[in-house]
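I have placed the structure first, in the form of structure tokens, so that the comments after it can refer back to it.
In the UniProt record's numbering, the protein residues as written are 1 to 676.
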């Protein structure tokens, strides 16, 4: 039996009424209503209803025939809506709100702007100007593109005398082709564009060939959009982005003093020059081309900001659980970057800033992704990507990216957080490494449908110095964690069944020094190349070490704080600078190592020809240093006719397939390269 009766409608009218046809304002909020409760036969009697409040219910869609011909104001906040196209049945609608419907995106905003010609306010904002653009300019350009696509590829396929079967066949091919190939606007609006293109194409065919028009287009698959704390839509974010370019020739000599932490500088100029051997590269051209240069982390959105340093980036994982088993397809082309007061999500192919999240008093140092399976309406479960961001304030922000909503924070440390990472096997387990000389393991919990969650601290790892980089051992990510710190490289046993909540390090590793082995050195780069090979960069100029975890760490030994010698497999040639905190990364699926330098260049090492030998039980150390496969030089860029200041590459990360390379700099420029 429906929850809505004539008596209920009369009672909830504002003011109360004695007849349905006299009701002009109706409040049906907070009644736990579902779509099936909206009876079209009953609602058809509300002929003069102008204001309807359906907020705080459980609606996932609207019935197609509610017949409210005079409806002007509609509130659908805090529901479970998945589609907005049924709202076209309210042509006089002037004000519409549907905030906190997690499955509605920016694409849905554009759909209602097109469908509702009288709409003035959407979610409390005046959209008159933008809506006119969507209805006129956007439609005109898409119509032109659709028509051109027909003329170029399909017109000649249709004979002068055609049968209904031929028309049906070519219509099917045309609709599929035009939705795939007609592109306009940012990728964040691709769903809306496909929806409009299909609609325009059907109208075009109906007019040109006399076909029947399909009035109810099928809803497209969703992507997702909406926001909190200080977030920007793709359109607003795009206005903040300076596309810096053009590049013509390469620059060679640059040095600079940045300011996150104090960097060491060589006192003698020869120490900063690259030796002849370092300039050599192996005979291979990776053929990566500069694609975009973005200035999207500016303080106060200033285009003159070339001081904000960018520190961390990580590619968003694909939600398809089947695909995630294959590292080659385990990420999208969307990357999260952080620096200064903001975190940005960038489409690497188009260079579009999809989303931007700001905290005015923060300086973000690190970001990390996880995928949580959350319970949604009707006890259904759905996977969502969650982004953790942390920095100077020692607080972890948890962002539900699909909803553009920062749903919570964890006050993890009293000092800045240098880096964060999620466990690959426990989706809610987050490690935070802080300047307080502690690494904490947190269970961030899974938020419910109202975003209530409970975080708890599971473990604290005591470090002898500030942890800069952390990595879980791939073969046993629930048992061992490795950390590069200001004063050495350490390992901890993180198994939770040990009972001891606060733990000292289990091992410290020795590395070659000028004449002997030493444990005391800054390790500012750390990553695994595969299940066993560790790549680390220390304060020894011009060198990156590759070493074996399994041959270096004695798991059978007893006691804590043991000293172990790292079994070196090879050394990589790198810049002779003694400047610190230019970190490295790996692309395990392609067996690549990447590291930027103090001159804006990216050093790339393809190690696929070496890893088999290293993996054997008697794998010997490579006798000579391995040269970079290629060094990508920083292109000469001009902003307002001038070159930007001298450039350091703080971080460089590739997606798992090594299609894109994202370079973060000390001068507020994100460079995106694409492998051709």
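We put the beta carbon where it would ideally sit given N, CA and C, even for glycine.
Under the three-state reduction of DSSP, residue 6 is assigned to helix. The residue among 551, 379, 366 and 376 with its C-alpha nearest the C-alpha of residue 398 is 366. The bridge partners DSSP lists for residue 288 are 675. Beta-carbon to beta-carbon, residue 315 and residue 655 are separated by about 5 Å, close enough to satisfy the 8 Å threshold.
If you check the CB distance, residue 510 and residue 566 come in under 8 Å.
In the DSSP assignment, residue 207 falls within the unbroken alpha helix (DSSP H) covering 190–209.
Its Cα nearest to that of residue 304, the residue 638 stands out among 664, 638 and 609. Ranked by Cα distance from residue 181, the first of 172, 170, 169 and 194 is 194. At the C-beta level, residue 291 and residue 672 come within 8 Å of one another. Per DSSP, the unbroken beta strand (DSSP E) holding residue 564 starts and ends at 562–565. In the same chain as residue 474, and ignoring 5 residues on each side of it, the C-beta atoms closer than 6 Å to its own belong to 528 and 531, in chain order. Shortest Cα-Cα distance from residue 131 to any of 116, 140, 144 and 143 involves 116. The three-state reading of DSSP puts residue 178 in helix, counting H, G and I together. The criterion of a C-beta distance shorter than 8 Å is satisfied by residue 491 and residue 506. In this model, residue 589 and residue 657 are separated by some 7 Å (Cα to Cα). DSSP places residue 415 in the coil class of the three-state scheme, outside both helix and strand.
Residue 95 places its beta carbon less than 8 Å from that of residue 73. In this structure, the alpha-carbon of residue 299 lies about 42 Å from that of residue 52. Of the candidates 376, 584 and 191, the residue whose Cα lies closest to the Cα of residue 469 is 584.
Cβ-Cβ distances below 8 Å link residue 142 to 182, 184, 193, 196, 197 and 200 in the same chain, with the five nearest sequence neighbours on each side left out; the list follows chain order. Counting only residues of its own chain and dropping the five nearest sequence neighbours on each side, residue 591 has a CB closer than 7 Å to the CB of 529, 606, 607, 608 and 611. For residue 110, the enclosing alpha helix (DSSP H) starts and ends at 106–115.
Going by beta carbons, residue 453 and residue 444 fall inside the 8 Å limit. DSSP places residue 23 in the coil class of the three-state scheme, outside both helix and strand.
Between residue 122 and residue 134, the C-beta spacing is not below 8 Å. In this structure residue 662 is buried. Its beta-carbon is surrounded by 16 or more other beta-carbon atoms within 10 angstroms. In the structure shown, the three-state DSSP call for residue 363 is coil. Under the three-state reduction of DSSP output, residue 157 falls in the helix class.
In the three-state reduction of the DSSP assignment, residue 552 falls in the helix class. Secondary structure of residue 138 (DSSP, three-state): helix. Annotation: residue 495 to residue 660 spans about 35 Å, alpha carbon to alpha carbon. Around the beta carbon of residue 571, a 10 Å sphere encloses 16 or more other beta carbons of the protein chains shown; the residue is thus reported as buried. By the CB criterion at 8 Å, residue 344 and residue 297 fall inside the cutoff.
Residue 460 is positioned such that its CB atom lies no closer than 8 Å to that of residue 432. Contact holds between the stretch 382–391 and the stretch 408–424, because three or more Cβ pairs, one in each stretch, are under 8 Å apart. At the C-beta level, residue 71 and residue 92 come within 8 Å of one another.
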